[in-house]
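For reference, the structure discussed in these notes is given below.
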Amino acid sequence: MRILFLGFGGSIALTMHSAWDEFREKFAADTASPDDESAGAVDLRHRPFDAGTLATADDLDAELAAADAVFLQGPMTPEDIDALGAALDTAIEEAHKSGRAFVVSASVPCADPIVDRATSPRPGITASLREALRQLTPGGMCHAIRLVQTVLAGAPDPGSLAQSRPHGIISLDDDDLLRACGYAVRAADGETPTGGETSADGDDRPHIVHAPEGVRIGIAASPFQVASHDTLAASYIAKLVEASGATAIVWAGDPTDVPDGVEPPPAVDAWMNLTGFTLAGTHANPRVDNGVEFLTETGVPMITPVPLLRMALDRWQTSDLPGLTAGQVSMNIAIPEFESGLAPWVIGGRGIPAVETDDPDHAADPRLAVERMLPDPYMCALVVNRTIRTVALRRLPAEQRKLSITIFGHDADGTIGTAAHLDVFRSLWNFLHHLRAEGYTVDIPQTPEALVDSLFDSDAGNRSTCHVAATWPATEYNEALTSSQVSRIDRLWTRTPGMIDTDGRELFVRGVRLGNVFIGVQPDFGDVADPLNVLMAPEASPSHSFAAYYLWLEHEFSHDVMLHWGTHGALEFMPGRSTGLTRDDWPLLLTGSVPHSYLYAMSNPAEGTIAKRRSFAGLVSYLTPQLIDAGLHGALAAAAEEAFRLLTSAKDGSVELNADTYSELVTLAAEADLTDCPPPNSADAGKVEHGEDDGSHNPWHEWVSHVSAIAERIRRTPIPEGLHTLGEPLSQDKTARILSLACTYPLATSDPLADHLDEEHITEAVDAVVNDDFARFTSLVAGAFDNDAKTTSDAKTANGSEPANATPASWFRHLRRLHSQLTSSKETDGLLAALSGAYIPPAPGGEPASRPESLPTGRNTHGADPATMPTPTAARRGAATADALVEQLRQEEGHYPESIAMVIWGMDNVKTNGEGIAQAFHLIGAEPLTDERGRVSRFRIVPLDELGRPRVDVVCTMSGVGRDLLAGPMELLDDAIHAIASLPEEPEDNPVRAHAMQQAEELGLDLDSAANRIYATAPGNYGTGVNKLVQSSEWDDNSDLAEVYLHRMGHAWGKHVKGKENRALLESSLSRVSATFQNVDSTEISLAGVDHYFEFLGGVSSVVETVSGARPSAKVSHAWQHETNVESLDDAMRLESRTRLLNPAWYEAQLRHGYQGVANIRSRFENTFGMQATARVVDNWVFDRTASTFITDDDMRDRLAEHNPAAVLSMTERLLEAADRGLWEADDDVLDQLEDISDSLDATVEGVTPMSSARH
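UniProt numbering puts the sequence shown at residues 1 to 1256.
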């Protein structure tokens, strides 16, 4: 009887050996003859596979035909499923012909027909087999064998399966096996209790730190690995814990669900979860809520390193893999993050111990010939040290605790201490007071402004050069690195100490020391000072000054805990693997084992996830600023008022419709720079077609309506007001705009409230919520629920049941809860707890209005499981947006678009659960399919007649964050693209295939290679580089920008390509593009809020124009809005400038934050310039108004320069550059004035003249 285990994890080999021994014992006990041939006739075989390999296996048919039973577990592609299904059908048919039974089962219930092919004549056998295989222990496997015997050999029914998984505290007796494998454990004092270092440990394994007295570390081990005796890695870590002086308590099973008769887990100081999954539950049934509750009650942190359950350790250590696979990231990292797991370092992988024996009289231990989980000694030591150092924080008195706080920015342009949405210095100053109250030894400047000044060298108040807090001899710095690490930096940055932050002998560490708290300024990465050298280098590395900063914190300042202050810095984007970083990856090399927390904006879970996984930080979220209506001001307000008067008068007939009537509005519209809405020309004015009552067919009336609509959209656009200060909640009267925006999103049981109520009713209803007036709220919203039963009658909840209809009470509770959480804060408490080594509960990331479960802040933000993307809701919304995009382009171009270049980010897809990915699927004419577990692993090709239009060739340009976070869904999209490229459809219906066939011929590629359409930077690299080149001004024309973009982004990604260089194919694909597109995911971070929009959307638009000779139609969708929307980038940038940069409501709120507020004004204009440099979509008046509002107005310029003269100088020089490059047509007298102002500001920044001379 041959039983084939197809797939399964690496422990299967050990489990088979143990199961066979156990089976033989049990069989012997049940039979008179232990040597009966029927017992020895069981042949256990194991065939591992990776997704995609079954479809191409040549021997699958033969292997299945030789089996009597097949047990299945593992990830499969649709092609695998088809191939396996056909092979099983053949095997079953042959078995029936020969009169044999044939058994097929899987370890988890599945609706797929493959698993339902069990041919057992015994009722219930399939369910029993599945239960046995879910307990894949020796006992479970033994039971499965006995069940198969009941089918194949008529053996007695073995009955029900006894619990065979170990549960509770266990003892790992692997000392002799560790020694036999060559591992030794160095104690914290340097002694080696198990006898001498050996080659298995390596010479460079970190020394184990001393644990405080009485520390107990809980080690959660997989019960399946314990049952199969695959515990070598767990034993090694336990020995390292003991070597630190702490007590290791090894626990098998779910500590939150302890069976009767088993003692509950004892109190520990920290958990190390080595299961490769969640602490609570099982792989088939994670119980995240139980885990969070358990850890919250105990208050202890959890470290969750990664065991490579399906990968050889030596392959991981020696290959150039860009990171963990999509499945590993989902199972081993993303889902454990839902329990707030930290530090996902790879601690081991599959392998056979490399042990040699020269003694012929002593054979090698037979256990060493079996594949098992082998530890990586270096990484295991790092994990243990991180755990012990985290626990030590709770034992170390606060007055002795040394804390490093890193802030970000570049001093040359006035952006020291910048962070998204956060008033860095006031927040930091407030927090220093909280630290002192907690007992920290800290000196505090008298005011937040004094704190700013302490970070700069000059007493003149110019705030242009950051203070050098310490110097570090280059020779000592070199000793903190290996020679190979130094040489890697030398190749790019010249020999130590390099050229940045150094006098040639010593390296400078910038910042200020305030007692036991060091506030440091993260060094410049160097990609602005010398962008081409860095961006075009084949192997990137941090500069010597960057590396020295972090190594100085560890080796010289000797910090006990590290904190990064605000979103975000550059550490987590240093070169290296995307996940599962190894010892030579820069983020790990620079941070080591120090406990690390990161104060991070709640609205950015994507980049926050990168910080968690690549700098090994626990995040502590902070609130985004309050929202307000952008409102109207100046000529724009007057134009809106006049338009309203005219429309009202036209409606009641009191005004005659003619050009004279509208002359005042024409003047106001010109003063308001409504150049995108020109009035009718004289020819149109004479063609009046009167409507029934209101003159709606009159071109003048249509124009007035257009002006009114533009003004109303500007007025109601939500914008952030100022910056958030850590620990300060919104006041009771500042939540209204967030609450009204929340009404535009659906509840699980209801359409958005705003779908049924007008703006006036929403505003009044929100006021009722703020004032806790339920009766008034109910009367205001009652009309929204008249048809609610009808609108929700077809809706399904996540588990398929019918939802209960929403009621006024449910909406009131929802909004009242949101209001309450916005007006309270746990941020400071959360941050203080993190710095003391306590457990910080998890929370999803997102904006308050659209993701209220992300509140309260002060928790450890996590992203989403990429295996569930795109969700069904995201797929529906994405398809609607894709249809709107195609239709808009069809109307503009007169035909359907053949090719669109689409920017795909991690940020918007994490927050929308994959809407951007769904858009790409729908554009090519494919549909992602969600299984009964909510996971997306298959797709279907939509037939052309169902699609109703030709397919679109989509060139996906991914951010590095998107590449790292969305590997699984993007690999599925890659599968779909290649499948569609192989369809025998007409060229006009299938541009994907048509273009791929053309490119295959042009570039000498096969069709499959020519169909690659997903591109990003090389592994471990982030960003197109276009932003850095623009900011440095080191470019001549668009061809320079295109060169950097294509060099950086010309790496193909997909299921079978992991960053392969293919610039020529990317360039060829972009030459066929007629439109570019990106989603805008947030109202808080808009198009000019960060430089990434112009480097990605602007960058690809610039490249398309360069390689095709035609400017593409650039489009955006505001994905944060509930309604489907697509508009031109030109219109979006007009809205951006009117609602933010040039809006007094926005910039006056920024100016209340002093130095940082001026820096934010400067950054927003910088990004506006960048969008004009790349995409040419910014109107001339934007530059005119920027100059007149901020620079040539003496009073305003003085206000800005008083806080941050370097930022004002930067804006002035950028305006001059815009004119010089032809990006702005400026009057000569304005340029002369700007030149004089620039000279004056430059003298001020350099300290030549006092601040008052900045006035011109």
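Backbone N, C-alpha and C fix where the C-beta goes; we use that ideal spot for every residue, glycine too. Model, not experiment: these values are computed from the prediction.
Where residue i falls, given that 16 or more other Cβ within 10 Å makes a residue buried
i	result
residue 1050	buried
residue 895	exposed
residue 433	exposed
residue 793	The predicted position of residue 793 is uncertain, since its pLDDT is 38 and thus under 50; a value taken from the coordinates is nonetheless stated next. Residue 793 is exposed by the Cβ-count criterion.
residue 1079	buried
residue 850	buried
residue 625	buried
residue 1153	buried
residue 143	buried
residue 31	Bear in mind that a pLDDT of 45 at residue 31, under 50, signals an unreliable position, so the model cannot answer this.
residue 678	exposed
residue 758	exposed
For residue j and residue i, believed in contact at Cβ under 8 angstroms, the rounded distance
i	j	result
residue 493	residue 555	Residue 493 to residue 555, Cβ: 20 angstroms. No contact.
residue 606	residue 832	Going by Cβ atoms, the distance from residue 606 to residue 832 rounds to 26 angstroms, so no, they are not a contact pair.
residue 1075	residue 900	5 angstroms
residue 516	residue 441	4 angstroms
residue 127	residue 83	Wrong, their Cβ atoms sit about 27 angstroms apart, outside the cutoff.
residue 1020	residue 542	Their Cβ separation, rounded to whole angstroms, is 12 angstroms, which puts residue 1020 and residue 542 out of contact at 8 angstroms.
residue 1124	residue 881	6 angstroms
residue 1262	residue 145	Here the chain covers residues 1 to 1256 and nothing more, so residue 1262 does not appear.
Close-in-space but distant-in-sequence residues of the same chain around residue i (CB under 7 angstroms, 5 per side omitted)
i	result
residue 1209	1238, 1241, 1242 and 1245
residue 874	912, 913, 914, 915 and 918
residue 1067	1046 and 1107
residue 261	none
residue 1217	1033
Backbone secondary structure at residue i - three-state DSSP
i	result
residue 471	strand
residue 665	helix
residue 1188	helix
residue 1121	coil
residue 149	helix
residue 861	strand
residue 819	helix
residue 165	coil
residue 1060	strand
residue 351	strand
residue 1248	coil
residue 953	strand
Neighbourhood of residue i by C-beta, 8 angstroms cutoff - its chain only, sequence neighbours within 5 removed
i	result
residue 1142	1182, 1185, 1186 and 1189
residue 1260	This structure does not reach residue 1260, given that the chain is present from 1 up to 1256, and the question cannot be answered.
residue 497	474, 477, 504, 505, 506, 507, 544, 545 and 548
residue 1005	999 and 1065
Residues near residue i by beta carbon distance below 6 angstroms, same chain, minus five either side
i	result
residue 760	none
residue 646	704
residue 890	896
Query raised in the report: Is there contact here, the segment 564-583 with the segment 591-604, by at least three beta-carbon pairs under 8 angstroms?
Result: Proximity of the segment 564-583 to the segment 591-604 meets the contact definition, three or more beta-carbon pairs being nearer than 8 angstroms.
Query raised in the report: Does the segment 944-959 come close enough to the segment 986-996 to have 3 or more Cβ pairs within less than 8 angstroms?
Result: As far as the Cβ criterion goes, the segment 944-959 touches the segment 986-996, which means the pair count is three or higher.
Query raised in the report: Three or more beta-carbon pairs under 8 angstroms between the segment 718-725 and the segment 422-430, yes or no?
Result: As far as the Cβ criterion goes, the segment 718-725 touches the segment 422-430, which means the pair count is three or higher.
Query raised in the report: With a cut-off of 8 angstroms, do at least 3 Cβ pairs link the segment 616-634 to the segment 855-862?
Result: The segment 616-634 is in contact with the segment 855-862.
Query raised in the report: Does the segment 886-894 come within contact of the segment 966-978, defined as at least 3 CB pairs closer than 8 angstroms?
Result: Here the segment 886-894 makes no contact with the segment 966-978; the two share fewer than three CB pairs at distances below 8 angstroms.
Query raised in the report: Are the segment 1028-1038 and the segment 925-935 in contact at 8 angstroms, needing three or more beta carbon pairs?
Result: With the rule of 3 Cβ pairs closer than 8 angstroms, the segment 1028-1038 does not count as touching the segment 925-935.
Query raised in the report: Taking contact to mean at least 3 C-beta pairs separated by less than 8 angstroms, is the segment 276-292 in contact with the segment 329-337?
Result: With a cut-off of 8 angstroms, the segment 329-337 and the segment 276-292 count as touching, because enough Cβ pairs lie within range.
Query raised in the report: Should the segment 556-563 be called in touch with the segment 392-409, which here means at least 3 C-beta pairs below 8 angstroms?
Result: Contact between the segment 556-563 and the segment 392-409 is present, because at least three Cβ pairs lie under 8 angstroms.
Query raised in the report: Would the segment 1054-1065 and the segment 1091-1101 be scored as touching if the rule is three or more Cβ pairs under 8 angstroms?
Result: Flag = no, the segment 1054-1065 and the segment 1091-1101 do not touch.
Query raised in the report: Any chance the segment 343-352 sits against the segment 373-381, with 3 or more Cβ pairs inside 8 angstroms?
Result: Yes, the segment 343-352 touches the segment 373-381.
Query raised in the report: Would you call the segment 208-224 and the segment 240-253 in contact, with 3 or more CB pairs under 8 angstroms?
Result: The segment 208-224 and the segment 240-253 touch, with no fewer than 3 CB-CB distances between them shorter than 8 angstroms.
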